[in-house]
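Trainee: Residue numbers (our numbering), protein chains in the order written: chain A, 26 to 572; chain B, 3 to 444.
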Amino acid sequence: MKRRDFVGLTGLGVGALFLPGLSFGGTTVNAAELLSPLDAALNKRLADAALNAAKAAGASYADVRIGRYLNQSIFAREKQVQNIVNGESFGAGVRVIANGTWGFAATNQVTEAGLAKAAQTAVQIAKANAKVQKEPVKLAPQQGYGEVSWKTPIQQNAFEVPVKDKVDLLLAANAAALDNGANFVNSSLFQVNEQKYFASTDGSYIDQDVHRIWPTFGVTAIDRASGKFRTREALSAPMGLGYEYLVPKAADKIAGPGGTGLIGYKNSYDILEDAALAAKQAKAKLTATSVTPGKYDLVLDPNHLGLTIHESIGHATELDRVLGYEANYAGTSFATLDWKKQNKPYGSKIVNIVADKTQPGSLGAVGYDDEGVKTKQWDIIRDGMLVDYQKIRDQAAIVGQTESDGCCYSQSWQDVQFQRMANISLKPGQQKMSVDDMIRGVDKGIYIAGRGSFSIDQQRYNFQFGGTVFYAIEKGKIAGQIEDVAYQANTQEFWNSCAAICDQSDYRLFGSFFDGKGQPSQVSAVSHGSATTRFNGVNVINTARKV
Amino acid sequence: MILSKDEAQSILQKVLGFSTADECEATLSGTTGGNIRTARNTVSTAGAIDNVALTVEARFGKRAGIATCNQFDEATLRRCVQRAEEIARLAPESPEYVPMLGAQQYLSTPAFAASTAGITPDFRATQAGKGMALCEQRKVSSAAFLEDEAGFVAKRNKKGLEAYQQFTNLDYSVTVRTPDGTGSGYATADFTDISKFDAGRLTQIAADKATSSVGAKAIEPGKYTVILEPAALVANSDASLLGALMNAFDARSADEGRSFLSKKGGGNRKGEKLFDERVTIYSDPASADIPTLAFAGDGRPRQKVTWIEKGVVKNLFSSRFWAQKQGIPDVPPPGGFIMTGGTQSTADLIKSTQKGILVTRLWYIRPVDPQTLLYTGLTRDGTFYIENGKIKHPIKNFRFNESPIIMLNNLEAIGRPQRIGGNLVPPLKIRDFTFTSLSDAV
Numbered sequence: 026m027k028r029r030d031f032v033g034l035t036g037l038g039v040g041a042l043f044l045p046g047l048s049f050g051g052t053t054v055n056a057a058e059l060l061s062p063l064d065a066a067l068n069k070r071l072a073d074a075a076l077n078a079a080k081a082a083g084a085s086y087a088d089v090r091i092g093r094y095l096n097q098s099i100f101a102r103e104k105q106v107q108n109i110v111n112g113e114s115f116g117a118g119v120r121v122i123a124n125g126t127w128g129f130a131a132t133n134q135v136t137e138a139g140l141a142k143a144a145q146t147a148v149q150i151a152k153a154n155a156k157v158q159k160e161p162v163k164l165a166p167q168q169g170y171g172e173v174s175w176k177t178p179i180q181q182n183a184f185e186v187p188v189k190d191k192v193d194l195l196l197a198a199n200a201a202a203l204d205n206g207a208n209f210v211n212s213s214l215f216q217v218n219e220q221k222y223f224a225s226t227d228g229s230y231i232d233q234d235v236h237r238i239w240p241t242f243g244v245t246a247i248d249r250a251s252g253k254f255r256t257r258e259a260l261s262a263p264m265g266l267g268y269e270y271l272v273p274k275a276a277d278k279i280a281g282p283g284g285t286g287l288i289g290y291k292n293s294y295d296i297l298e299d300a301a302l303a304a305k306q307a308k309a310k311l312t313a314t315s316v317t318p319g320k321y322d323l324v325l326d327p328n329h330l331g332l333t334i335h336e337s338i339g340h341a342t343e344l345d346r347v348l349g350y351e352a353n354y355a356g357t358s359f360a361t362l363d364w365k366k367q368n369k370p371y372g373s374k375i376v377n378i379v380a381d382k383t384q385p386g387s388l389g390a391v392g393y394d395d396e397g398v399k400t401k402q403w404d405i406i407r408d409g410m411l412v413d414y415q416k417i418r419d420q421a422a423i424v425g426q427t428e429s430d431g432c433c434y435s436q437s438w439q440d441v442q443f444q445r446m447a448n449i450s451l452k453p454g455q456q457k458m459s460v461d462d463m464i465r466g467v468d469k470g471i472y473i474a475g476r477g478s479f480s481i482d483q484q485r486y487n488f489q490f491g492g493t494v495f496y497a498i499e500k501g502k503i504a505g506q507i508e509d510v511a512y513q514a515n516t517q518e519f520w521n522s523c524a525a526i527c528d529q530s531d532y533r534l535f536g537s538f539f540d541g542k543g544q545p546s547q548v549s550a551v552s553h554g555s556a557t558t559r560f561n562g563v564n565v566i567n568t569a570r571k572v
Numbered sequence: 003m004i005l006s007k008d009e010a011q012s013i014l015q016k017v018l019g020f021s022t023a024d025e026c027e028a029t030l031s032g033t034t035g036g037n038i039r040t041a042r043n044t045v046s047t048a049g050a051i052d053n054v055a056l057t058v059e060a061r062f063g064k065r066a067g068i069a070t071c072n073q074f075d076e077a078t079l080r081r082c083v084q085r086a087e088e089i090a091r092l093a094p095e096s097p098e099y100v101p102m103l104g105a106q107q108y109l110s111t112p113a114f115a116a117s118t119a120g121i122t123p124d125f126r127a128t129q130a131g132k133g134m135a136l137c138e139q140r141k142v143s144s145a146a147f148l149e150d151e152a153g154f155v156a157k158r159n160k161k162g163l164e165a166y167q168q169f170t171n172l173d174y175s176v177t178v179r180t181p182d183g184t185g186s187g188y189a190t191a192d193f194t195d196i197s198k199f200d201a202g203r204l205t206q207i208a209a210d211k212a213t214s215s216v217g218a219k220a221i222e223p224g225k226y227t228v229i230l231e232p233a234a235l236v237a238n239s240d241a242s243l244l245g246a247l248m249n250a251f252d253a254r255s256a257d258e259g260r261s262f263l264s265k266k267g268g269g270n271r272k273g274e275k276l277f278d279e280r281v282t283i284y285s286d287p288a289s290a291d292i293p294t295l296a297f298a299g300d301g302r303p304r305q306k307v308t309w310i311e312k313g314v315v316k317n318l319f320s321s322r323f324w325a326q327k328q329g330i331p332d333v334p335p336p337g338g339f340i341m342t343g344g345t346q347s348t349a350d351l352i353k354s355t356q357k358g359i360l361v362t363r364l365w366y367i368r369p370v371d372p373q374t375l376l377y378t379g380l381t382r383d384g385t386f387y388i389e390n391g392k393i394k395h396p397i398k399n400f401r402f403n404e405s406p407i408i409m410l411n412n413l414e415a416i417g418r419p420q421r422i423g424g425n426l427v428p429p430l431k432i433r434d435f436t437f438t439s440l441s442d443a444v
């Protein structure tokens, strides 16, 4: 995951005083002027100019995305605001197939002439590349939907909330951390609104209005005498929600394990409560016992497990990786077509993984993907066995299928769309079980919440994960905070050691706002749901070093 | 799109003319370029990107606002300035206010090459085709990415700051895999001037590594003497061990007590010898090998700066605010860094190694503990066991957990630097490098 693409112009046009800055490039305007989506009739005329120009230049297929991408970000540290930036990026990208080869061009000249020129450039590129093309592109057939629209079902548009209210909330969170013993605290609020219009030669004209939000912070405690410092990150999740996510509701709070004070958050987040707890936990980390390496039963909170799901299942089951299209960057996958045929278990029988581009509140939810395919839900792992992959229109034929899964995405108008991860989630357990019920059954274990260090090999076998907070479990009880924990495992061994999953009442979403993939690298936002889950006998290392 | 100095400064002058703020700074930047991506010995995607963006920062007293736009008619420019000023009026006062820079003197740096600015879609397709043809002939599969850009940055403010420079860059990387998936090799290079670029030669290197890495044997994880090739020390588009070390040279983090450069009891460790005495790292924007822009993002001039000299920390970078507050030199972060080395090639380093491991690339490197700069990651695309000065056989990949601080204290030998990811980095021979587990990945 990379933030740098989001924080694009940091250090370029922004004085050091006001770092960090944020922009995708494009036009920054008063957010209030941008709440009305772009005019659909105008968009249709512009889109048709691109599609007609592409066909006239020799394209057998073309699509166009006219996008207005709004971002607002607020950064604060301790008692001050570092930066407030409203960003708007407006432009269009045209993708074509000519002579059996893809071509793409983008322009910020959003006029009929500008779009026609971009279409012609895209065709020119496709034809140049066709000379060295070996496998002509085969697109899965796709019906045109005519003129349709979709909007994230938010309750309160975050862009309509006054900036002052958001600044006050972040400064109040910082104060809560400082009042509870933090030495430093950095907080931020990211908001995204993608207003995108898609049209293709299949006959679709799709207008979508997509919203996402992410409040987060990092709290640092320092012991000057020893020179030691420790940080505890927020336990929020980026969500496909409006500002209602920052209005805490009791019904959205799930008590964490007894003795930890932790709270799990569902569809709303209490940043003040979490910041206060974070400061106490950051201080406790300074004197916490360093873990003894060895095998432990791990009890993983959804806000931690989401990242493990993301790396070891989400990326491993993307068909473009499986087929070798990402070999030069993030790599390939152990879960090849041949491996799938061998019917080896990916995980234990209680492991059921679902891909979903429709789940309300999730980051990946849209009505249609960025190549005009209506979104859906489908199984990836059923009863521990791999049953399907994530695929888009130009991949379906390669695996003998006739339908895209609707998970094509581009981060902006100026980047070409390609296969991106759907929300990939672990289904909760069928039997009633709370986190305390689960811990009662653990003799020697570690409870981990929040995201930490993460690393996995280029075929998704060997991984190592840290976390934000760690608690020892001894004889069925939480036995205090510990530190320097990371677990190393092999994907299949890990998921086959999955021994218990809490029930639906504990189910929550983890999210990644900046999942990086592709060349040039693009970010995408994706959620991963799960309930608290137990894994038996996982190898834990101690990460403390002396330098 | 590349605007000339006169065109760019003319727009910036117009922008500043619209400003009513106490201070105003405008930055115009643009690029034009393209890319081609291949996989399975065929083209997967390709594109062209052309954009110019204006950033305006307005300040009233200690309040600041930023706005950007990418249209350049007078109405849009005027609106952009007004919006920066609206945000500035809404923003709280910043206790970290520092006045904008006045006029500056900049070095002349050779960051632009006309040859790179003239790249066409046909050039990209031809280069990609060379690599794919070679792999077809050798019956291996390639995935590659070529990206080029030519661009400019121009800055101007009301206090007399004026900057303009053009730049070019081309990045190429290629991964070659054997058809049975048991061998993989990688090569990468980046250029300001493309006259030395040859995708075929780089693909040949990757293909050789792929075929020679077939039949890897597992050896036990543990501490080994390693030879780290430059691609194992610096990555073009991801975190890296030496990149992480240089990013940690921030004075504020050190002074605040949250860096490996923080001193117990307060202050920082500038002036202390923290690395082997053969370690010297500096930056030079005018380097003929890795030229960078002559100014940093905030307009501060870039100069030649020594960061580590004979193992001693010589300089830390900082924001202007922090430099002023602490009364320390106002040094911006570098655009790229140069680690000095010797004349030995990687092959020479292998010859002088009794037992060890050749690591051609490290991957998915992430921080584990910022206190000690402990990082984890994996070897990838060709890892080999060395015995009696020769490569004996390929070995399976490892996960490592290691700190660049420890690594640069366990230095055995330094090779000849080469350009990678905009830096100049030599291959290094390191003793007691810590591998913690095996990976089945190829």
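Yeah, the Cβ is synthetic: ideal placement off N, Cα and C, and Gly gets one too.
It should be emphasised that the depicted structure is a prediction, and the values quoted were computed from it without experimental measurement.
Considering only residues of the segment 10-69 of chain B, which uninterrupted beta strand (DSSP E) runs meet the minimum length of 3 residues and lie entirely inside it, listed in chain order?
Mentor: Correct list: 25-41, 44-62.
Trainee: Pull up the DSSP beta-bridge partners for Ile-388(B), would you.
Mentor: Note: Ile-388(B) sits in a beta bridge opposite Gly-358(B), Ile-393(B).
Trainee: Report the partner residues of Leu-376(B) according to the DSSP bridge assignment.
Mentor: Looking at the DSSP assignment, Leu-376(B) forms a beta bridge with Asp-371(B).
Trainee: Are the C-beta atoms of Ser-264(B) and some chain A residue less than 8 Å apart?
Mentor: For Ser-264(B), at least one C-beta of chain A is nearer than 8 Å to its own C-beta.
Trainee: Taking only the alpha-carbon atoms, compute the straight-line gap between Asp-442(B) and Asn-328(A) and give it to the nearest angstrom.
Mentor: 28 Å
Trainee: Which of the three DSSP states is assigned to Arg-280(B) in this structure?
Mentor: coil
Trainee: Go ahead and pull the three-state DSSP assignment for Met-458(A).
Mentor: In the three-state reduction of the DSSP assignment, Met-458(A) falls in the coil class, being assigned neither a helical nor a strand state.
Trainee: Go ahead and label Ser-12(B) buried or exposed: buried means 16 or more other beta carbons lie within 10 angstroms of its beta carbon, across all protein chains shown.
Mentor: exposed
Trainee: If you follow the beta strand (DSSP E) that Trp-175(A) is part of, which residue opens it and which one closes it?
Mentor: 171-176
Trainee: Just the C-alpha distance for Met-134(B) and Ser-46(B), rounded to the nearest angstrom, thanks.
Mentor: 12 Å
Trainee: Rounded to whole angstroms, what is the Cα-Cα separation between Asp-528(A) and Gln-384(A)?
Mentor: 18 Å
Trainee: State the CB to CB distance for the pair Phe-519(A) and Phe-560(A), rounded to an integer number of angstroms; the pair is presumed to be in contact (CB under 8 Å).
Mentor: 6 Å
Trainee: So which residues of chain B does Val-548(A) contact, with C-beta pairs closer than 7 Å?
Mentor: Those within 7 Å of Val-548(A) in chain B number zero; the least Cβ separation is about 13 Å.
Trainee: Mind checking Asp-345(A): buried by the 16 CB within 10 Å criterion, or exposed?
Mentor: buried
Trainee: How far does the beta strand (DSSP E) with Thr-126(A) in it reach, from first residue to last?
Mentor: 126-132
Trainee: Given a threshold of 16 other Cβ atoms within 10 Å of its Cβ, counted over all protein chains shown, does Thr-557(A) qualify as buried or as exposed?
Mentor: buried
Trainee: With 8 Å as the threshold, decide whether the Cβ of Arg-249(A) is near any Cβ in chain B.
Mentor: Interface annotation, Arg-249(A): in contact with chain B, CB-CB separation under 8 Å.
Trainee: Run through chain A and tell me which residues come within less than 7 Å of Val-45(B), C-beta to C-beta.
Mentor: Thr-126, Asn-154, Val-157, Gln-158
Trainee: Using only alpha-carbon positions, find the residue among Asp-531(A), Gln-439(A), Trp-403(A) that is nearest to Met-446(A).
Mentor: Of the candidates Asp-531(A), Gln-439(A), Trp-403(A), the one whose C-alpha sits nearest the C-alpha of Met-446(A) is Trp-403(A).
Trainee: Under the three-state reduction of DSSP, which class applies to Phe-495(A): helix, strand or coil?
Mentor: strand
Trainee: Can you pull the chain B neighbours of Asn-111(A), defined as C-beta to C-beta under 8 Å?
Mentor: Ala-69, Arg-85, Ile-89
Trainee: If the criterion is Cβ atoms closer than 8 Å, does the pair Val-333(B) and Ile-310(B) meet it?
Mentor: At least 8 Å separates the beta-carbon of Val-333(B) from that of Ile-310(B).
Trainee: By the 10 Å Cβ neighbour count, where 16 or more other Cβ atoms means buried, how is Ala-250(A) classified, buried or exposed?
Mentor: exposed
Trainee: Only counting the same chain, and skipping five residues up and downstream in sequence, which positions put a Cβ closer than 6 Å to that of Ser-117(B)?
Mentor: Asp-195, Ile-196, Ser-197
Trainee: Residues of chain B with a CB under 9 Å from the CB of Gly-454(A): which are they?
Mentor: Within 9 Å Cβ-Cβ: nothing; Gly-454(A) doesn't reach chain B, min ~30 Å.
Trainee: Select from the segment 348-373 of chain B all residues with a C-beta closer than 9 Å to any C-beta belonging to chain A, and list them in chain order.
Mentor: Trp-365, Tyr-366, Ile-367, Arg-368, Pro-369, Val-370, Asp-371, Pro-372, Gln-373
Trainee: So that I know if they touch, is there some Cβ in chain B lying closer than 8 Å to that of Asn-77(A)?
Mentor: Output row for Asn-77(A): interface = no.
Trainee: What do you get for Ala-81(A), buried or exposed, if any count of 16 or more other CB atoms within 10 angstroms of its CB means buried?
Mentor: exposed
Trainee: Taking only beta-carbon atoms, is Tyr-321(A) less than 8 Å away from chain B?
Mentor: no
Trainee: If you measure beta-carbon to beta-carbon, which residues of the segment 165-191 of chain B are closer than 7 Å to chain A?
Mentor: For the segment 165-191 of chain B, which is checked against every Cβ of chain A, the residues closer than 7 Å are Ser-175, Val-176, Thr-177, Arg-179.
Trainee: Is Gly-38(A) close to chain B, meaning its C-beta is less than 8 Å from at least one C-beta of that chain?
Mentor: Model confidence at Gly-38(A) stands at a pLDDT of 24, short of 50, so the residue's coordinates are unreliable; what they give is reported in the following sentence. With respect to chain B, the C-beta atom of Gly-38(A) has a partner C-beta closer than 8 Å.
Trainee: With which residues is Ile-122(A) paired in a DSSP beta bridge?
Mentor: Tyr-86(A), Trp-127(A)
Trainee: So Ser-21(B) contacts chain A; which residues on that side make the cut at Cβ distance below 8 Å?
Mentor: Going along chain A, no residue has its Cβ under 8 Å from Ser-21(B), so there is no contact; the nearest lies around 15 Å.
Trainee: Taking Cβ-Cβ distances below 7 Å as the criterion, which residues of the segment 104-128 of chain B are in contact with chain A?
Mentor: Pro-123, Asp-124, Ala-127
Trainee: Are at least three pairs of beta-carbons, each pair with one atom in the segment 62-73 of chain B and one in the segment 279-298 of chain B, less than 8 Å apart?
Mentor: no
Trainee: For the beta strand (DSSP E) that Arg-237(A) lies in, which residues bound it at each end?
Mentor: 229-248
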